[in-house]
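See below for the structure under consideration.
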Amino acid sequence: MTYAMLATTMQNFTQSLLILLQGMGGIFLFMGLFYGLIVALEKIFQGKKEQ
């Protein structure tokens, strides 16, 4: 394997890791926002309390 081919492979690998990081970060950001929305809606629309 030549140096140019190895450098290109490493560049592709690092770019793919950055894309992976962005995707996973987006998923966790969405999950956090969705969880916050659920908690907020539960506080706003509380059910009737049993006596």
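Quick note, the sequence shown lines up with residues 99 to 149 if you use our numbering. Every residue, glycine too, gets a C-beta built ideally from N, C-alpha and C. Computed from a predicted structure; not experimentally measured.
Our two residues, Tyr101 and Gln113, have alpha carbons roughly 18 Å apart in a direct line.
DSSP, reduced to helix, strand and coil, places Thr100 outside both helices and strands of the structure shown, so it counts as coil.
DSSP places Gln113 within a helical segment (H, G or I) once states are collapsed to three.
Short of 8 Å from the beta carbon of Leu118, and not among the five residues preceding or following it, lies no beta carbon of its own chain.
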